[in-house]
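Here the structure is laid out as structure tokens; the discussion comes afterwards.
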Amino acid sequence: MTLEDIAKQAGVSRSTASRVVNDDPNVNENVRKRVQEIIRSTGYHPHAAARSLASQRSWMLGLVLPRTVSSFFIDPYFPRLTQGVAQACNQNNYTLGLFMLDTKEDEKRIFPRISRKGLLDGIILQTADIGDKLIDRLIKSDFPVIIAGRPFNANGISYIDVDNINAARMAVCHLIQLGYKRIGTITGRMNGTVGIDRKEGYLRAITEQGWEMDVSLIAEGDFSEKGGYMAMKRLLTAKPDAIFSASDTMAIGAIRAVREAGLHVPADVAFVGFDDLPIALQSDIKLTTIRQPIIQFGAKAVETLIDLIENGTKPSRRIIMDTELIIRDSCGTSQKNGHKTRFKNVR
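For the sequence shown, this note's numbering gives the first residue as 2, with consecutive numbering after it.
Take a look at the structure:
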């Protein structure tokens, strides 16, 4: 099946069929639908090189992650994010390129490639650390970019995120409502907005209650299970009765530390995590957690990026997705008041 065959069946010229394939907005809508129906029914796929040449687009999007290859597979968040991005790329006839930036040298080496005209139509960039210049470089290159996670300087930059501050605040408020008094937190790294914002949510819930901040109840982790374990070992000396962990992965490590100390969850220390990853259900104690729609998050990033490509990067877009508190065993709800509640973020 060739483009000429498609055109003949539709009763249009080859050039008109080509314009439909390449999404020319000036094609008559009835003609477009007729050609598209024949394309669907015949399973026709245009030659990628010819499609790119005609449209002056590569039909390839880049997902750039400041991660090592090994950490990508250790942290279950990133495979789920990539799943959402890949599914949306497939649905929109884009190819996905995955780029890992482990060091500044990687950034210097890969940036000229990913920003070179003709390789990628746009980029989804995972939030960079404080002081990272990659976002600025991409914006200055006038390249369609959406940031996955709130950047430190969001002026003029399109990004997608959840309301980490409010979600963390609600998680801690839930523990307060259950009657816990010494609520600690295992934060993420303080060199990124995710860690900073989730700690801020914890602090707001504590101060709104009129409690003084106790620094002995705060320990920094690194979003890994080992990081959660080590942070919890430090927190045990402060005798917390509940913990808000900034990720499910760290919560699993922290629960292991609690049990090694001869304590019980949730009878001695209750837990609320963040993410609602599959590991939240894989222990004998099911983890209460904040669910963020990670796969849908990735898909929405692609949808927004395509909008930037097709309709221009100005004005910038800001997308905030809902989160939800999922109540399970680890917070001790059944022991405290026997009910379950769910709520979504205030947007």
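Think of the CB as a built atom: it goes at the ideal place given N, C-alpha and C, for glycine as much as any other residue.
Fair warning: this is a prediction, and the values are worked out from it, not measured in the lab.
Please report how far the alpha carbon of residue i lies from the alpha carbon of residue j, in whole angstroms.
i: Ser331; j: Ile40; result: 52 Å
i: Ala206; j: Ala168; result: 11 Å
i: Leu311; j: Phe74; result: Going by the sequence as given, residue 311 is Glu instead of Leu. Going by the C-alpha atoms only, they are around 33 Å apart.
i: Arg68; j: Gly150; result: 15 Å
i: Glu209; j: Gln127; result: 32 Å
i: Arg257; j: Phe153; result: 34 Å
i: Gly157; j: Glu108; result: 22 Å
i: Arg110; j: Ser142; result: 16 Å
i: Gln178; j: Ala243; result: 12 Å
i: Leu326; j: Ser72; result: 27 Å
i: Arg318; j: Ile124; result: 14 Å
i: Asp11; j: Arg35; result: It is worth fixing the name first, because residue 11 is Ala in this sequence and not Asp. The alpha-carbon atoms of Ala11 and Arg35 are separated by roughly 6 Å.
i: Gly228; j: Gly222; result: 5 Å
i: Val22; j: Gln37; result: 8 Å
i: Met231; j: Ala281; result: 19 Å
i: Thr96; j: Thr83; result: 13 Å
i: Thr314; j: Ala255; result: 43 Å
i: Thr17; j: Asn93; result: 21 Å
i: Leu278; j: Ala262; result: 25 Å
i: Gln283; j: Phe79; result: 18 Å
i: Gly14; j: Arg81; result: With the sequence shown as reference, residue 14 is identified as Ser, and Gly is not the correct amino acid for it. Those two C-alpha atoms are separated by around 44 Å.
i: Glu201; j: Ala239; result: 20 Å
i: Trp212; j: Leu64; result: 42 Å
i: His340; j: Asp25; result: Because the pLDDT of His340 is 39, which lies under 50, any placement of that residue in the model is unreliable, and the number read from its coordinates should be weighed accordingly. So the alpha carbons of these two residues sit roughly 55 Å apart.
i: Gly119; j: Phe112; result: 14 Å
i: Met214; j: Pro316; result: 40 Å
i: Arg348; j: Ile320; result: Reliability of the predicted coordinates at Arg348 is poor, the pLDDT of 33 falling under 50, and the value obtained from them is presented with this limitation in mind. The alpha-carbon atoms of Arg348 and Ile320 are separated by roughly 10 Å.
i: Ala8; j: Ala302; result: 34 Å
Who are the near neighbours of residue i in its chain, counting only those whose CB is closer than 6 Å to its CB and skipping five residues on each side?
i: Ser42; result: none
i: Asn338; result: With a pLDDT of only 47 at Asn338, under the threshold of 50, the placement of this residue in the model should not be trusted; the figure read from the coordinates follows. Hits under 6 Å: none found.
i: Phe245; result: Ala172, Val173, Thr186, Tyr203, Val273
i: Thr289; result: Val273, Ile328, Arg329, Ser331, Cys332
i: Glu304; result: none
i: Arg183; result: Pro241, Asp242
i: Ile253; result: Glu226, Ile280
i: Gly98; result: Met61, Gly63
i: Lys234; result: Ala258
i: Arg170; result: Gly202, Arg205, Ala206
Please name the residue, chosen from the options, that lies closest to residue i on a Cα-to-Cα basis.
i: Ala220; options: Met251, Gly211, Glu213; result: Met251
i: Arg117; options: Arg58, Val86, Gln84; result: Arg58
i: Ile115; options: Ala87, Val146, Gln88, Gln92; result: Val146
i: Val216; options: Thr188, Gly193, Gly228, Asn192; result: Thr188
i: Ile161; options: Pro294, Asn31, Leu176; result: Pro294
i: Pro241; options: Glu106, Ala268, Gly211, Met2; result: Ala268
i: His46; options: Asp6, Gly263, Lys182; result: Asp6
i: Val70; options: Phe100, Cys90, Tyr78, Thr194; result: Phe100
i: Cys90; options: Val13, Asn192, Trp60, Thr194; result: Trp60
i: Arg292; options: Pro316, Ile320, Thr324; result: Thr324
i: Val134; options: Glu106, Glu213, Ser14; result: Val is not the amino acid found at residue 134; the sequence shown has Lys there. Closest by alpha carbon: Glu106.
If we define contact as Cβ-Cβ less than 8 Å, is residue i a contact residue for chain B?
i: Ile310; result: In summary, chain B is missing from the structure at hand, where a single protein chain is found.
Would you mind giving the Cβ-Cβ distance between residue i and residue j, rounded to the nearest angstrom? I have them listed as a contact below 8 Å.
i: Asp122; j: Leu66; result: The Cβ separation is near 18 Å, so there is no contact.
i: Met322; j: Val163; result: 5 Å
i: Ala247; j: Gly196; result: 6 Å
i: Glu76; j: Phe224; result: The displayed chain sequence assigns Asp, not Glu, to residue 76. Asp76 to Phe224, Cβ: 6 Å. Contact.
i: Asp276; j: Asp308; result: 27 Å between Cβ atoms; not a contact.
i: Ala271; j: Leu139; result: Between Leu139 and Ala271 the Cβ distance is about 42 Å, and since that is not below 8 Å, they are no contact.
i: Asn165; j: Arg199; result: 5 Å
i: Val266; j: Ile286; result: 5 Å
i: Leu236; j: Leu218; result: 7 Å
Leaving out five residues before and five after residue i in sequence, what residues of the same chain have Cβ atoms less than 7 Å from its Cβ?
i: Gln88; result: Ala300
i: Ile136; result: Leu126, Ala129, Ile148, Pro152, Ile158
i: Leu264; result: Val270
i: Leu306; result: Leu62, Gly123, Ile125, Pro145, Ile147
Can you name, in chain order, every residue of its own chain whose Cβ lies under 8 Å from the Cβ of residue i, other than the five neighbours on each side?
i: Gln389; result: No statement about residue 389 is possible, as the shown extent of the chain runs from 2 to 348 and does not include it.
i: Gly44; result: Met2
i: Val32; result: Ala11, Val13, Thr17, Val21
i: Asn29; result: none
i: Asn27; result: Arg20
>> Please give the ranges of any alpha helix (DSSP H) in the stretch 109 to 178, keeping only runs that are unbroken, at least 4 residues long and fully inside the region.
In response: Listed in chain order, they are 135 to 141, 165 to 178.
>> Restricting to runs no shorter than 4 residues, where is the alpha helix (DSSP H) found entirely within the stretch 174 to 212?
In response: Within the stretch 174 to 212, the runs of alpha helix (DSSP H) that reach at least 4 residues and sit entirely inside it are, in chain order, 194 to 209.
> Which full runs of the alpha helix (DSSP H) of 4+ residues lie inside the stretch 241 to 304, going along the chain?
Replying inline: Listed in chain order, the alpha helix (DSSP H) elements of length 4 or more contained wholly in the stretch 241 to 304 are 249 to 261.
> What runs of the alpha helix (DSSP H), each 4 residues or longer, lie entirely inside the stretch 6 to 65?
Replying inline: Correct list: 15 to 22, 30 to 43, 49 to 56.
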